[in-house]
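Down below is the structure, laid out as structure tokens.
There are 4 protein chains.
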Amino acid sequence: MSPTSNHGRSPHRPAREDASAIAAQPRTATGSSSANSSRRSEAARLAVLNAADDLLVEHGFEGLTIEGIAAAAGVAKQTIYRWWKSKVDILFDNLVLDAGSGLVWPTDPADPADLRAYIHRFAAFLGTEPAGHVLQALLGHAQLDPRTAELLHTGFLDALRARDVAHTRTALGIPEDEAAALLDALLAPLYHRALVLRLPLDPAYVDGLLDQHVPR
Amino acid sequence: MSPTSNHGRSPHRPAREDASAIAAQPRTATGSSSANSSRRSEAARLAVLNAADDLLVEHGFEGLTIEGIAAAAGVAKQTIYRWWKSKVDILFDNLVLDAGSGLVWPTDPADPADLRAYIHRFAAFLGTEPAGHVLQALLGHAQLDPRTAELLHTGFLDALRARDVAHTRTALGIPEDEAAALLDALLAPLYHRALVLRLPLDPAYVDGLLDQHVPR
Amino acid sequence: MSPTSNHGRSPHRPAREDASAIAAQPRTATGSSSANSSRRSEAARLAVLNAADDLLVEHGFEGLTIEGIAAAAGVAKQTIYRWWKSKVDILFDNLVLDAGSGLVWPTDPADPADLRAYIHRFAAFLGTEPAGHVLQALLGHAQLDPRTAELLHTGFLDALRARDVAHTRTALGIPEDEAAALLDALLAPLYHRALVLRLPLDPAYVDGLLDQHVPR
Amino acid sequence: MSPTSNHGRSPHRPAREDASAIAAQPRTATGSSSANSSRRSEAARLAVLNAADDLLVEHGFEGLTIEGIAAAAGVAKQTIYRWWKSKVDILFDNLVLDAGSGLVWPTDPADPADLRAYIHRFAAFLGTEPAGHVLQALLGHAQLDPRTAELLHTGFLDALRARDVAHTRTALGIPEDEAAALLDALLAPLYHRALVLRLPLDPAYVDGLLDQHVPR
DNA sequence: CAATAACCGAGACGGTACGTCTTGTCTTGCG
DNA sequence: CGCAAGACAAGACGTACCGTCTCGGTTATTG
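Protein chains in written order, with our numbering: chain H, 20 to 235; chain C, 20 to 235; chain Y, 20 to 235; chain L, 20 to 235.
Here it is in structure tokens:
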């Protein structure tokens, strides 16, 4: 869990006011992370997140149950309900965690090649275990449940898009609306291929897509 | 239910070998509908399909239960299980039914404008109640459940795509691979906008998209 | 379950209007018992009652759980909740069942010795497994829970007392108030000894008590 | 809490070896009360006892929870568990406390009328809030739980009976076995009426009972 | 023109998981 | 150390649906 996201730490009570699940610099040293207010058990938190990830891969989203997670994590059911509302919430925390470490832009000196690199990274993230499984499951479930859709968008996708548009702008030196359009032109086929066509996002395909839209 | 689809009529027993849920000509005269072998109650079948549609809109996919459908349809639970394996199966039948009447290409004399018309029709289908709700729900659920994915692809999406590629070819007089690429370039943004961005597919947007890819 | 008691048969829905759980002749031939309205499973009913009895003796009232009964009876929890409101209800049915077969007065020709015999029978019933355990548990729980008290009195104790007073009257040929007073004088020490002093109700003690109050 | 009872003061650790919860002279000056060794908070102790009493009357025995008592007393749960094993233990302390002040024999110069007075006092104690509620609840729970039965008898009822038999002897100048039999003859109907018949122990009834067994 | 077989409604059944509740233990600061 | 606060593992509670299984009561051919 990125220290800038308090999602899992201080749960539903204080209402999600977090505006940037995807921090530009998720890794900034926040000594304040030691402001680890509550007496929450870190061991239990991690055991739950890992168990959920494992069981999602093993049994699929439908076969993922709170009772199963609790049993696999060696944790009481109530400990889960104390900190998460639902299995969707748990997976969301996993998504934020994984995105924080796996969905990053190359660091500072902006370079047009950064976009290519990032799109490749995104395709790998969406298309591979376990993070991609989680994102696909949450996107799928968001079609079925408005609360999941709300959480996924305001808590993750919106921030991700804003960040990516900004990076694209600075990387290519183009205006915001152009950056957004370019990003959509690149991401739409990836999502389409993964969610609708269910075909693999192999690097060759991604390269072809990039060649179409961004000059090498 | 299109008479060329035996999905809902003679169910899981004879194993789904239906290859063209989306018939090119779903409306072929079927006096043969009297080949209606079994003593299945048409009233019950329709009551179930309608109840499922209504309850999907009312309570969402998760809140849709077999018991609820049975109660709303005034039908015994066993009557549902006799003809459908799951609520996904019921929704699938509804999808095929709705697609048969709402996702058609203009009839015969091929015309380049047909593609524009069809894409508009598709956007309207995906974006509006209740058929779009059903398709979105099934696409969402397909991310969570491989059996749903299998059913949706081999039973609907693959046939739809094959048909649409063929129509695009004849409408524009282009080779198959070009037709497929063009179709993807048009559909990917629509799916992306509907499933990921959750924005409306208004005609203005669709027109803009078409202007980008197909000469007016 | 005595056929004159509909307690377990037609459960909480039709509201307990049964006025004579303790029928004078619980065994009256009622071929009509086959007027067994619902399709309730007799096997499940008996399995639950027996399991409850066994587990009460084994683990005590507090250690008796619905889940445990369901597991021991090889029955789904919901099957128990369908027909009984609580474990108290199950025990009550057992009590009525056991009382019907074990708490009977000698048959017709009234004889002063009948009272002696019945009091001995009562002492044995109250003091021995498993029926006595059930009655003691329900009497104990009635001190803690008004609903149990209500059920036990209006559904069992009142009818028992009325029946016993009537029998005492005809057996000894005395007026009702005298019969009631005599019965109280005999039962109070038995209950006191069983519930408060927790001493055994051996036949010698009962004989002594009888000698004190009824001429041999 | 009587100072001669260390029940609540030094709890389960030193194992209850107290033989006379009901001291003949509960009020004997025990300067040793300053043996108030530990740093136990008297305020917390009293808050717990009072809260338990209040909540027993308000919600009944079953609705009485340790957490509820802790909350109502403004005390941490652990503080309760530090000093009492269970809610039964807390109620027991309350019983001893109340009995110490409400269930006393007239003082010294022995007089035959003392028995009448004491029986009236006992009936009032058993039949009225809150002390009677506690005793009835504990008697009821003793039917369900052997540990409660053990505690109630060895910790309270046995000593009470011994004391009462002794007082009866000296008050009426009769041998011990006669005193015990007389006491049983008086108490059995009271317990029977309170626990089984659930009728009020009004003074008129008690007078009638006394007239039956002890010459005025 | 019965009989016989499938369908139908109703709903009980053995199960699984839900989300809530309480228990009794443990840990973390404060005074 | 006692204490308030409260997280924790454990597990029962009562509810909702699941998918299977009778039960009688219609139809609707078919022998």
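We put the beta carbon where it would ideally sit given N, CA and C, even for glycine.
Does the separation of the CB atoms of residue i and residue j fall below 9 Å?
| i | j | result |
| --- | --- | --- |
| L:Ala168 | Y:Arg217 | yes |
| C:Leu145 | C:Leu209 | yes |
| C:Val184 | C:Leu163 | no |
| C:Leu205 | C:Phe111 | no |
| H:Lys96 | H:Ile85 | yes |
| H:Asn69 | H:Ala92 | yes |
| H:Arg235 | H:Leu228 | no |
| L:Gly18 | L:Arg140 | Beyond the ends of chain L as shown, which are 20 and 235, falls residue 18 of chain L; an answer cannot be given. |
| C:Ile138 | C:Val225 | yes |
| C:Ile88 | C:Lys106 | yes |
| L:Pro149 | L:Leu75 | yes |
| H:Ala136 | C:Ala207 | no |
Are any of the Cβ atoms in chain Y nearer than 9 Å to that of residue i?
| i | result |
| --- | --- |
| L:Lys174 | Looking at the sequence shown, residue 174 of chain L is not Lys but Gly. So no, L:Gly174 is outside the interface. |
| L:Arg212 | yes |
| L:Gly159 | yes |
| L:Val115 | no |
| L:Arg140 | no |
| L:Leu220 | no |
| L:Val215 | yes |
| L:Pro165 | yes |
| L:Ala92 | no |
Just checking: is the beta-carbon of residue i within a distance shorter than 9 Å of some beta-carbon in chain L?
| i | result |
| --- | --- |
| Y:Glu81 | yes |
| Y:Ala168 | yes |
| Y:Ala185 | no |
| Y:Ser181 | A quick correction: the sequence has Ala, not Ser, at residue 181 of chain Y. By this cut-off, Y:Ala181 is not an interface position. |
Indicate whether at least one CB of chain C lies closer than 9 Å to the CB of residue i.
| i | result |
| --- | --- |
| H:Asp203 | yes |
| H:Val225 | no |
| H:Gln97 | no |
| H:Arg46 | Bear in mind that the predicted position of H:Arg46 carries a pLDDT of just 30, short of 50, making it too unreliable to give a figure here. |
| H:Ala143 | no |
By alpha-carbon positions, which one of the options ends up nearest to residue i?
| i | options | result |
| --- | --- | --- |
| H:Arg180 | H:Glu81, H:His211, H:Val123 | H:Val123 |
| L:His236 | Y:Glu197, Y:Pro219, Y:Ala178, Y:Leu158 | As displayed, chain L neither begins before 20 nor continues past 235, which places residue 236 of chain L out of reach and without an answer. |
| L:Arg59 | L:Arg101, L:Leu83, L:Ala90, L:Glu86 | L:Arg101 |
| C:Asp72 | C:Glu61, C:Asp196, C:Leu116 | C:Leu116 |
| H:Arg166 | C:Gly82, C:Ala66, C:Glu61, C:Phe141 | C:Gly82 |
| H:Ala198 | H:Thr126, H:His232, H:Val94 | H:His232 |
| L:Asp64 | L:Gly79, L:Leu74, L:Gly87, L:Ile99 | Here the sequence assigns Arg to residue 64 of chain L, which means Asp is not the residue at that position. Comparing Cα positions, the closest option is L:Ile99. |
| H:Ala129 | H:Ala62, H:Asp196, H:His186 | H:His186 |
| H:Ala90 | H:Gly79, H:Ala213, H:Ala66 | H:Ala66 |
| Y:Phe80 | Y:Ala213, Y:Ala178, Y:Ala161 | Y:Ala161 |
Where does residue i sit, in a helix, a strand or coil, going by DSSP?
| i | result |
| --- | --- |
| L:Glu61 | helix |
| Y:Glu86 | helix |
| C:Phe111 | helix |
| L:Gly151 | helix |
| Y:Phe138 | For the record, residue 138 of chain Y in the displayed sequence is Ile; it is not Phe. In the structure shown, Y:Ile138 sits in a helix (DSSP, three-state: H, G or I). |
| C:Ala129 | coil |
| C:Asp177 | helix |
| L:Val233 | coil |
| C:Gly146 | helix |
| Y:Pro165 | helix |
| C:Ala185 | helix |
| H:Leu158 | helix |
| H:Leu116 | helix |
| C:Gly93 | coil |
| L:Asp226 | helix |
| C:Leu202 | helix |
| C:Pro208 | helix |
| L:Gly121 | helix |
Is any beta-carbon of chain H found at less than 9 Å from that of residue i?
| i | result |
| --- | --- |
| C:Leu206 | yes |
| C:Gln162 | yes |
| C:Thr49 | Any reading at C:Thr49 must be qualified, since the residue scores a pLDDT of 28, below 50, and its modelled position is unreliable; the value itself is stated next. False, the Cβ-Cβ gap to chain H never drops below 9 Å. |
| C:Ala89 | no |
Next on the checklist: With a threshold of 8 Å, are at least 3 pairs of Cβ atoms found where one atom belongs to the region 178-190 of chain Y and the other to the region 137-155 of chain L?
Outcome noted: no
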